Each structure stands twice: as structure tokens, then as C-alpha cells.
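Residue numbers (this note's numbering): 1 to 137.
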């Protein structure tokens, strides 16, 4: 069985966990300790695939830019504790084109890919399992 880690257990992270739970060992970390199953270190170092699904809110007053500060912090933390250079970090948070390349250049020790989410909050678990398209890059 594969080991899947999830950082961020909101509606996206919980949909990922639900989708993989029958086919993988799922480890979850969230800033809300009540939503965690494992520590941050365990999620990073005991997972082959790490889904990062943290909030990237829109800055309405600043031209509609996406606030990547939480994602920035999480990727820094992953790089700091990661002892497994073979795991793949899958960014599942909303980001603008070019963000992945910027993160790849900023964190060369991490294997970062981007997987945009096409989920509706109300039906996120079903949307994840029954997705009509998968984009990874």
C-alpha cells in the first residue's frame, strides 16, 4: 500500500483523505490539532506523496492576487524536516500560473508538482473520487 500524506485538512484535504483511504495509508496534519492523525514530521517523512492543501485566499483589495503566504510557510517547513528525497510534494492549493516553477527554483531539494483542484465545497468528496480530468504539472 502507498503512503499518502496530507497537509491541510479542510474540505480539499478531507476529500483527498476520503478518496485515498481505501487504497493507501493516509497520514494527515493540520494546524488544527483536532484534525490531525500524525505529526508534521511523520506526514513528511513517512509519505511517498504529500498533498499540500492549505488556504490561498484572494486579496480582494490588492488587485485580486492570491495570498500564497501559508503555502510558502508550509513548503519551507517541508524542506526543513524532509529526510526523504524521493517523496513527491503535490500542491493542491489554488495558485496562479508560474507559481510551481517559482517553488521548484526556490526549493530544489523538493520534488514539487501542481495538481489544480476542481472541487465544489459541498460535494468535494464525490468530486475528488469522480473527477472528469486530472492535471498534474
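We put the CB at the ideal spot given by N, CA and C, even for glycine. The model shown is predicted, which means the values in this text are computed figures rather than measured ones.
When you compare only the Cα positions, how much space is there between residue i and residue j?
i: residue 74; j: residue 53; result: 10 Å
i: residue 83; j: residue 35; result: 24 Å
i: residue 76; j: residue 9; result: 19 Å
i: residue 85; j: residue 21; result: 24 Å
i: residue 46; j: residue 98; result: 29 Å
Would you give the residue range spanned by the beta strand (DSSP E) that residue i belongs to?
i: residue 24; result: 24–29
i: residue 45; result: Looking at the DSSP string, residue 45 is not in any beta strand (DSSP E); the run it does join, the alpha helix (DSSP H), is 40–45.
Residues in the same chain with beta-carbon distance under 6 Å from residue i, minus the five sequence neighbours each way, listed in chain order, please.
i: residue 6; result: 13, 16, 17, 28 and 51
i: residue 55; result: 70
Near residue i, which residues of its chain fall below 8 Å by C-beta distance, leaving aside the five closest residues on each side in sequence?
i: residue 1; result: 23, 24 and 25
i: residue 100; result: 91, 112, 113, 114 and 137
i: residue 138; result: There is simply no residue 138 to check, as the chain begins at 1 and stops at 137 in what is shown.
i: residue 57; result: 66 and 67
Apply the 10 Å Cβ neighbour rule to residue i and answer buried if 16 or more other Cβ atoms are within range, or exposed otherwise.
i: residue 30; result: buried
i: residue 43; result: buried
i: residue 105; result: exposed
i: residue 60; result: exposed
i: residue 64; result: exposed
i: residue 117; result: buried
i: residue 19; result: buried
i: residue 33; result: exposed
i: residue 92; result: buried
i: residue 87; result: buried
Looking only at its chain, what residues have a beta carbon closer than 7 Å to the beta carbon of residue i, apart from the 5 residues adjacent to it on each side?
i: residue 96; result: 66
i: residue 79; result: 107, 109 and 110
i: residue 38; result: 27, 28 and 29
For the alpha helix (DSSP H) containing residue i, list its first residue and its last residue.
i: residue 105; result: 99–106
i: residue 13; result: 11–20
i: residue 96; result: Residue 96 -> no alpha helix (DSSP H), and no H or E assigned at all.
State the beta-bridge partners of residue i as determined by DSSP.
i: residue 65; result: 59
i: residue 3; result: 25
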